[in-house]
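Chains as they are written, first to last, in my numbering: chain A, 1 to 423; chain B, 424 to 688. Contents: one structure, followed by commentary.
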């Protein structure tokens with residue numbers, strides 16, 4: 001019998017065929033698994049981007065605002081009747097609307113927070129008082145979604161959040177060039193808000209930044225120092241074995257347990273302020289430390305012993321061997337491990353819930369001791385909100401979070417490729 | 424108990440640089456060396472031969488305390504360098520390795536530039552007062568290792584970019600840059616081709632004018648070519664030690680004869 005041009009016996013030909021079949025089967029399973037994984041990933045990214053991309057655009061309506069000195073007194077800027085200025089402008093634009101209920105419907109076109117924008121403008125430039133300004137004000141969430149097509153127009157009126165009258169006004173505004181959509185920069189600079197059209201991730205980003213900064217500053221030197229000691233200097237005995245086993249155990253502890261630990265130690269024992277980035281950073285430090293220690297030890301032990309011998313051979317002390325040779329060679333691995341640990345900390349939600357970083361916070365935290373929330377917690381908060389407008393905000397926040405995670409992992413891969421030493 | 428046979432010819436041996444007496448080495452529960460007594464003569468090449476696992480590398484690594492970095496290694500006995508016990512408490516192991524350098528089996532240049540490879544030792548021992556002096560040390564070390572002409576134009580290139588033979592000569596240059604008194608070589612040619620081996624052997628022959636050299640080798644011809652004294656190890660014992668010529672032509676022990684004629688090992 002001949003198989004692939006070779007003369008073989010009957011039994012070995014059967015065995016060969018069986019072997020090839022098994023290989024093909026294994027390969028097919030592998031490809032299937034990868035395809036399923038890719039499919040799920042595409043589904044996830046697709047649905048998130050599909051829902052989230054409208055949040056990067058906002059709808060604005062332009063009005064001629066009569067910023068009269070009567071309503072806003074130059075010496076009492078904080079007490080100015082900014083809302084009244086906007087209301088007047090709306091009523092002037094549609095003078096035929098007189099009925100109380102219709103006027104309320106008219107007012108619902110503009111965001112309830114539009115007067116904050118006006119107040120900020122006047123505070124920045126008091127000379128505006130007494131002038132008439134054409135100002136683009138944020139539309140309300142319902143208008144925003146209707147204009148961007150997230151909410152259908154062609155359904156019966158009773159199933160819509162905006163009635164036929166309101167849509168007619170919008171069409172009139174659009175015809176006049178008073179309706180536009182533009183890039184939603186306030187999504188990145190703004191903070192959380194009760195109004196979906198005003199809510200942004202700026203506060204959450206700042207909170208995540210401070211939290212991760214604290215985590216990095218504490219976990220990196222502590223973790224690397226602990227790993228260097230354990231790997232290079234510590235004697236191998238029962239105590240170090242015990243420590244090693246427990247570091248590995250710590251890496252597997254569910255993160256919510258670290259949250260409880262942070263609550264008890266940092267808030268109850270040390271009485272640090274609740275819901276702050278400093279406590280969040282300390283808690284995530286506890287969680288990240290084992291990851292950094294383990295990856296640093298792996299990177300150190302990957303440095304070939306011949307390099308150590310060479311350094312010892314020319315009379316380097318053990319500290320010199322580590323600091324001149326082993327550590328520089330292990331650094332790419334250490335950085336990779338640290339970045340991956342930080343990426344995990346960035347996406348961590350559960351421990352932050354335990355230490356109160358889940359509060360509704362409107363101010364952007366300017367320091368680690370300010371009340372703050374973090375990006376994944378913000379997503380959690382928005383996912384919990386009943387307003388439909390928060391769905392796109394939440395999806396957009398997920399896009400930003402995923403972008404950061406992908407960026408960090410790409411950086412880790414780049415560093416590993418770039419600084420990997422071959423010997 | 425020693426089983427060493429010292430021949431009469433050794434009576435005329437030049438003054439010894441290293442004197443080893445009653446050396447026992449244990450790796451955990453297993454004993455690797457059994458009461459070795461040996462002398463390493465000044466400004467000569469001493470070859471250590473024997474089958475794999477006979478303890479010759481272990482013995483070599485005792486001479487600059489490289490075994491210290493191996494977990495669970497226990498050294499017992501005396502090793503005198505110029506009459507001074509290197510295992511005595513007051514001796515600093517860093518100073519010892521500055522006096523007793525080492526070249527390893529596999530070329531192991533640092534993944535740094537050629538220049539930095541050679542300059543590293545002088546730098547950490549503070550041998551150069553100025554950058555110019557350091558340049559001089561690097562150049563003369565590379566010259567003595569016979570490598571300077573090949574690499575003079577690319578001292579900034581990585582040491583790992585050189586060929587295997589060049590890497591090994593770079594390691595020799597690195598070892599001699601700190602002007603040691605003794606150089607230990609652990610099978611320095613086992614990873615090299617015959618041409619590179621010939622170059623290194625030539626180099627060893629030149630270096631013995633200034634240094635005391637102890638070399639472990641598996642290559643009988645190499646031992647015969649480069650060394651003046653040869654020690655034959657077997658199963659952790661020093662079986663025979665004598666002048667190379669006598670060991671290879673007229674060994675006193677049967678085991679030595681069997682080994683060098685290729686009957687075992």
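The C-beta atom is built at its ideal place from N, Cα and C for all residues, glycine as well. Please read all numbers here as calculations on a predicted model, not as lab measurements.
Taking C-alpha positions only, residue 439 of chain B is separated from residue 604 of chain B by approximately 12 Å. For residue 310 of chain A, the chain B residues whose C-beta falls within less than 8 Å of its own C-beta are 527, 531, 532, 533, 594 and 597, listed in chain order.
Counting the other CB atoms within 10 Å of its CB gives residue 499 of chain B a total below 16, which places it among the exposed residues. The Cβ atoms of residue 355 of chain A and residue 263 of chain A lie closer than 8 Å to each other.
Using a Cβ distance threshold of 8 Å, residue 351 of chain A and residue 210 of chain A do not count as a contacting pair.
Its chain contains no residue whose beta carbon lies nearer than 8 Å to that of residue 100 of chain A once the 5 sequence neighbours on both sides are disregarded. DSSP assignment within the region 581-624 of chain B yields the following whole beta strand (DSSP E) runs of 3 residues or more, N-terminal first: 605-609.
Here residue 248 of chain A is exposed, its C-beta having fewer than 16 other C-beta atoms within 10 Å. Legend: CB atoms of the region 508-525 of chain B lying less than 7 Å from CB atoms of chain A belong to residues 517, 520, 521, 524 and 525. Between residue 151 of chain A and residue 161 of chain A, the gap from beta carbon to beta carbon is short of 8 Å. Any Cβ of chain A closer than 8 Å to the Cβ of residue 657 of chain B would place that residue at the interface, and such an atom is absent. Residues of the region 465-493 of chain B with a C-beta atom less than 8 Å from some C-beta of chain A are 487, 489 and 492, listed in chain order.
Nearest to residue 443 of chain B by C-alpha distance, out of B:503, B:474 and B:472, is B:503.
For residue 364 of chain A, not one C-beta of chain B is nearer than 8 Å to its own C-beta. For the region 437-452 of chain B, no residue has a beta-carbon sitting nearer than 7 Å to a beta-carbon of chain A. In this structure the region 34-51 of chain A does not touch the region 83-93 of chain A; the number of beta carbon pairs closer than 8 Å is below three. The alpha helix (DSSP H) runs of length 4 or more contained entirely in the region 18-72 of chain A do not exist; there are none.
Measuring C-alpha to C-alpha distances from residue 591 of chain B to each of B:530, B:456 and B:627 identifies B:530 as the nearest. Counting along the chain, residue 525 of chain B sits inside the beta strand (DSSP E) bounded by residues 523-526. Proximity of chain B to residue 320 of chain A at the Cβ level (cut-off 7 Å) is accounted for by 547, in chain order. Following the DSSP letters along the chain, one finds residue 461 of chain B inside the beta strand (DSSP E) bounded by residues 453-464. Under a criterion of Cβ atoms nearer than 7 Å, no residue of chain B is adjacent to residue 228 of chain A; the nearest Cβ is some 16 Å distant. For residue 485 of chain B, the enclosing alpha helix (DSSP H) covers residues 479-485. Judged by their CB atoms, residue 601 of chain B and residue 319 of chain A are not nearer to each other than the 8 Å cut-off.
In this structure, DSSP gives residue 449 of chain B an extended state, which the three-state scheme calls strand. In this structure, DSSP gives residue 503 of chain B an extended state, which the three-state scheme calls strand.
In this structure residue 370 of chain A does not touch residue 191 of chain A by the C-beta definition: roughly 12 Å separates them, more than the 8 Å allowed.
A Cβ of chain A is located within less than 8 Å of the beta carbon of residue 544 of chain B. With its beta carbon at least 8 Å from every one in chain B, residue 150 of chain A lies outside the interface. Counting other Cβ atoms within 10 Å of its Cβ, residue 617 of chain B stays below 16 and is therefore classed as exposed. When CB distances to chain A are screened at a threshold of 9 Å, the residues of the region 600-611 of chain B falling below it are 600, 601, 603 and 607, in chain order. Judged by DSSP in its simplified three-state form, residue 178 of chain A adopts coil rather than helix or strand. For residue 316 of chain A, the chain B residues whose C-beta falls within less than 9 Å of its own C-beta are 517, 520, 543, 544 and 547, listed in chain order. Look at residue 313 of chain A: its C-beta is under 8 Å from a C-beta on chain B. It is roughly 54 Å from the alpha-carbon of residue 261 of chain A to the alpha-carbon of residue 19 of chain A.
If one requires a minimum length of 4 residues, the alpha helix (DSSP H) runs lying completely within the region 297-374 of chain A are 305-313, 327-346 and 350-354, in chain order.
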